[in-house]
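Novice:
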Amino acid sequence: MAWKIFLFILLTFVLIAGISFPIVENPKVWYQFPLIPGLKENAKIIFFHVPSAWLAVIGFLMSTIYSIKYLRKKNLDDDAKSYSAAQLGLIFCILATITGAVWAKFAWGSFWSWDPRQTSIFALLLIYGAWFALRSSIESEDKRATLSAVYSIIAFVTVPFFVFIMPRIMDGLHPGSADDKVTPGGGPIVDFRMNDSMLVIFFLSLIGFTILYYWMWKIGYKSLLYKEKLNKKLIRG
Amino acid sequence: MKPYALFKKDYHSELRTRYAINSLTMFIIVALSVILFSIGNEKVPQNLTGGLLWVVIFFSAMSGLSRAFVSEEERGTSLILHLIAAPTTIFNGKLLFNLILVFLMNIVITILYSALFEEFIIRNFLLFFLTFILSNIGLAIASTIIAAIISKAGAKGTLYPVLSFPILLPLILISVMLTSYSMIGASFADAKMGLAVLVSYDVIMLTVSYMLFDFIWKD
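Quick note, the sequences are listed as chains A and B, same order.
Each position in the first sequence, counted from 1, maps to that position plus 89 in the numbering used here.
Each position in the second sequence, counted from 1, maps to that position plus 781 in the numbering used here.
#1: Determine the contact status of A754/B and F850/B, defining contact as a CB-CB distance below 7 Å.
#2: Taking all protein chains shown into account, decide if S171/A is buried (16 or more other Cβ within 10 angstroms of its Cβ) or exposed.
#3: Would you list the residues sitting across from P123/A in a DSSP beta bridge?
#4: Any Cβ of chain C within less than 7 Å of the Cβ of A934/B?
#5: Would T891/B pass as a contact of S956/B if the rule is Cβ separation under 7 Å?
#6: Using a Cβ-Cβ cut-off of less than 8 Å, give me the residues of the region 231 to 258 of chain A that come near chain B, in sequence order.
#7: Just to confirm the assignment: which complete beta strand (DSSP E) runs, minimum length 3, are found wholly within the region 910 to 944 of chain B?
#8: Measure from the C-beta of P273/A to each C-beta in chain B and report whether the shortest distance is under 7 Å.
#9: Using a Cβ-Cβ cutoff of 7 Å, what residues of the region 202 to 226 of chain A are near chain B? List them in chain order.
#10: Drop a sphere of 10 angstroms on the beta-carbon of T925/B, count the other beta-carbons inside from all chains shown, and report buried for 16 or more, exposed for fewer.
#11: Closer than 7 Å, Cβ to Cβ, to anything on chain B: give me those residues from the region 167 to 186 of chain A, in chain order.
#12: For A786/B, which of helix, strand or coil comes out of DSSP?
#13: Alpha helix (DSSP H) containing M986/B: first to last residue?
#14: Below 7 Å on C-beta distance, what does L160/A contact in chain B?
#15: Mind listing the chain A neighbours of I953/B? Cutoff is C-beta to C-beta under 9 Å, in chain order.
#16: List, in order along the chain, the chain A residues whose C-beta lies closer than 8 Å to that of G845/B?
#17: Does the beta carbon of Y315/A come closer than 7 Å to any beta carbon on chain B?
#18: Would you kindly work out how many angstroms separate the C-alpha atoms of V113/A and W92/A, rounded to a whole number?
#19: I'd like to know if P868/B contacts chain A, where contact means its C-beta is closer than 7 Å to some C-beta of that chain.
#20: When you compare each of E900/B, H863/B and R799/B to P826/B by their alpha carbons, which one comes out closest?
#21: Counting only C-beta atoms, is P947/B closer than 7 Å to chain A at any point?
#22: Looking at the C-beta of V811/B, does it have a partner C-beta in chain A at a distance below 7 Å?
#23: Roughly how many angstroms separate the alpha carbons of L213/A and T153/A, rounded to a whole number?
#24: Relative to the C-alpha of S173/A, which residue among L313/A, K318/A and K322/A is closest?
#25: What are the boundary residues of the alpha helix (DSSP H) that includes K170/A?
#26: Would you say I918/B lies against chain A (beta-carbon separation less than 7 Å)?
Here it is as structure tokens:
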């Protein structure tokens, strides 16, 4: 219970800090954010957009890990865990896409411009979509679990191409693209033009959202397991 | 020797019905003529033709390559294959068949395409040749393993392009980029990175396919 209260306080702080702390040119007090050229007030999206993109990837990673576990042990509980991780991943993937697109309208002038990172989040959406389509097309439980596990592993090995390679060899608008003028030659996504307080709140937000994700995932797979048990009980009468 | 025997069996049954070859040829003609009709008398920008080539290649591959495993399930012969050969052998044989089919198909597409589109001029031919070979190998591997998954699922026809597209996306993006490089006549130093990505894609896909094919096949 204690960690739930901690999570509530953490996320409340992140929400308030992320939205209300002012952005000034020369920050003097700890609660002031520096002005990043080209981003201005728009920079605040980083506290909400980046965590949801991060969770979309984490959801996919967890789904793949439990897929590998399923293929090794053939335990259907692992399939339920993988399924619930992917469900949450899809939700956060949609959130990241929409928040990013709305933000891009104001910062870059159009909702969608096929920047390499936009391409990669789009590919992730497609993978999730294909994965759920595959699952819904198979009736038998074991077969469904095996085939979707295999597909999620095959899809997972293409992810490095989108996350690490494409953004560096193609031109783009995100920080860290091949033609970024501040960090030439491409750099990490979190470039350190933020000041300390901004970084701390950014990482607190990442941690808070990750714990939230873990909590939701646990509830999700438990409900799947209970549903399974109830079904079996109903069949036995 | 056994993968070759499996390939020969597929080859003979293909020659008997000519299902894949006929439908692929017709599909290529249909796809190309749709593009030609929609362009009409307009002048196409040069780098668009490079992208359109890969559109034709992708959809033609999606129309014909799932046959490798789906035909076995439809004829009910997959159980016999289970008995006579190890999973790796099956995969090798099917991969060989799909490789040859992809190469034949893409050679026909490229020849027709360069005859029909005047703007499609390759300036660095060797670069285009390398891109062509590497991406064909990748296309054949990825489509073979997805075809194996599809053959066990319901709704085979519609699911195939849906499952293949995210897997093939890195390959297609890099191939489009390299094709446009070879059309403007860029040097190898510029394209080095892209070629390396294609090679690593092929190697990764091949490894993953061999590791996972057992799980698809044995159930």
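Glycine included, C-beta positions come from ideal geometry on N, C-alpha and C.
Specialist: If we stick to the structure as given:
#1: In this structure chain B extends from 782 to 1000, so residue 754/B is not present and cannot be described.
#2: buried
#3: In the DSSP output, where bridge partners are listed per residue, P123/A has V113/A.
#4: Although the question refers to chain C, the structure presented lacks it and instead comprises the protein chains A and B.
#5: no
#6: D231, K232, T235, L236, A238, V239, Y240, I242, I243, A244, V246, T247, F250, F251, I254, M255 and I258
#7: Annotation: the region 910 to 944 of chain B contains no complete segment of the beta strand (DSSP E) (minimum length 3 residues).
#8: Residue placement at P273/A cannot be trusted, given a pLDDT of 41 that sits under 50; what the coordinates show is reported in the next sentence. No, because no Cβ of chain B sits closer than 7 Å to the Cβ of P273/A.
#9: A212, L215, I216, A219, A222, L223 and S226
#10: buried
#11: none
#12: Secondary structure of A786/B (DSSP, three-state): helix.
#13: F969 to W998
#14: F996
#15: Per Cβ cutoff of 9 Å: no residues; I953/B is ~11 Å from chain A at best.
#16: What G845/B touches in chain A: nothing, since even the nearest Cβ is about 20 Å away.
#17: no
#18: Taking the straight line joining both Cα atoms gives about 34 Å.
#19: no
#20: Closest option to P826/B, Cα to Cα, is E900/B.
#21: yes
#22: Not a single CB atom of chain A sits nearer than 7 Å to the CB of V811/B.
#23: 13 Å
#24: L313/A
#25: L165 to A196
#26: no
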